[in-house]
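Participant: Take the sequence shown: its letter number 65 is residue 64 in numbering that gives the first Met the number 0, and every next letter is one higher.
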Amino acid sequence: MNGELFGPLFVVIFFAVVLPKLIRELGRAQGAQRDAAATSVEVQSLRKEVEDLQTLRAEVAGLREMRTSAGDLSDIRREVADLRSAVVDKLIDLDARLRELESRRQGDACQPTDQAPVRALREQPAAQPNEPAGRARRPF
Numbered sequence: 000m001n002g003e004l005f006g007p008l009f010v011v012i013f014f015a016v017v018l019p020k021l022i023r024e025l026g027r028a029q030g031a032q033r034d035a036a037a038t039s040v041e042v043q044s045l046r047k048e049v050e051d052l053q054t055l056r057a058e059v060a061g062l063r064e065m066r067t068s069a070g071d072l073s074d075i076r077r078e079v080a081d082l083r084s085a086v087v088d089k090l091i092d093l094d095a096r097l098r099e100l101e102s103r104r105q106g107d108a109c110q111p112t113d114q115a116p117v118r119a120l121r122e123q124p125a126a127q128p129n130e131p132a133g134r135a136r137r138p139f
C-alpha cells in the first residue's frame, strides 16, 4: 500500500512545489535574457553617441584652428599695411632724392621741383588691416 501512495504523492508534490519553482526560474531566465538584450541595445546606443561626440570634438578643433588662422590672417593684413606704408615712405624719399639728383645734374638746383606725385602718395589713405586685399587702394 505504501507503494501505491508514493506515485500519486510524488505527482502532487511535483505539481505543488517543483513545477512553480521551475516556472519562476524560467521567467527569471527570460527576464535576464531580455535585460541582456536591452543592455546590448543601450551599449550600442552609447557607442553611437560617443562616436558622434568625437566627431563634434574634431569639428570644434577644426573650427578653433580656422579661427586661429583667421586671427593670423588679420595679423598678416596689418603687417602688409605697415609694410605698404613703409614702401610708400621709401618711394617718396627715393623720388625726392631722384629729383634732387636730376636738378643737380642739370645745374638748376635753385628751381623748385614738382611735388604733386609725392603729395598724392602721402595723401592717399592706407588700406585698413581688416579690409580684403582686393579692395585695398593701391598707390601705384
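Using N, Cα and C, we set each Cβ at its ideal position, and we do this for glycine too.
Owing to the predicted nature of the structure, the values given are computational and were not obtained by experimental measurement.
By the DSSP assignment, the alpha helix (DSSP H) with residue 31 in it spans what residues?
Facilitator: For the purposes of this step, residue 31 is taken as residue 32 along the sequence shown, with counting starting at 1. 18-105 is the extent of the alpha helix (DSSP H) around residue 31.
Participant: Output needed for residue 50: all residues of its chain with C-beta closer than 7 Å, excluding positions within five of it in sequence on either side, in chain order.
Facilitator: The residue labelled residue 50 in the question sits at position 51 within the sequence shown. Result list for residue 50: empty, nothing under 7 Å.
Participant: May I have the straight-line CA-CA distance separating residue 151 from residue 44, to the nearest angstrom?
Facilitator: The requested residue 151 is not part of the displayed model; the chain covers only 0 to 139.
Participant: Distance check for residue 89 and residue 106, CA to CA, integer angstroms please.
Facilitator: Within the sequence shown, the letter at position 107 stands for residue 106. Within the sequence shown, the letter at position 90 stands for residue 89. Using only the alpha carbons, I get a separation of about 25 Å.
Participant: To the nearest angstrom, how far is it from the Cα of residue 37 to the Cα of residue 7?
Facilitator: Start at 1 with the first residue of the sequence shown, and residue 37 comes out as number 38. Start at 1 with the first residue of the sequence shown, and residue 7 comes out as number 8. Linking residue 37 to residue 7 through their CA atoms gives a straight-line distance of about 44 Å.
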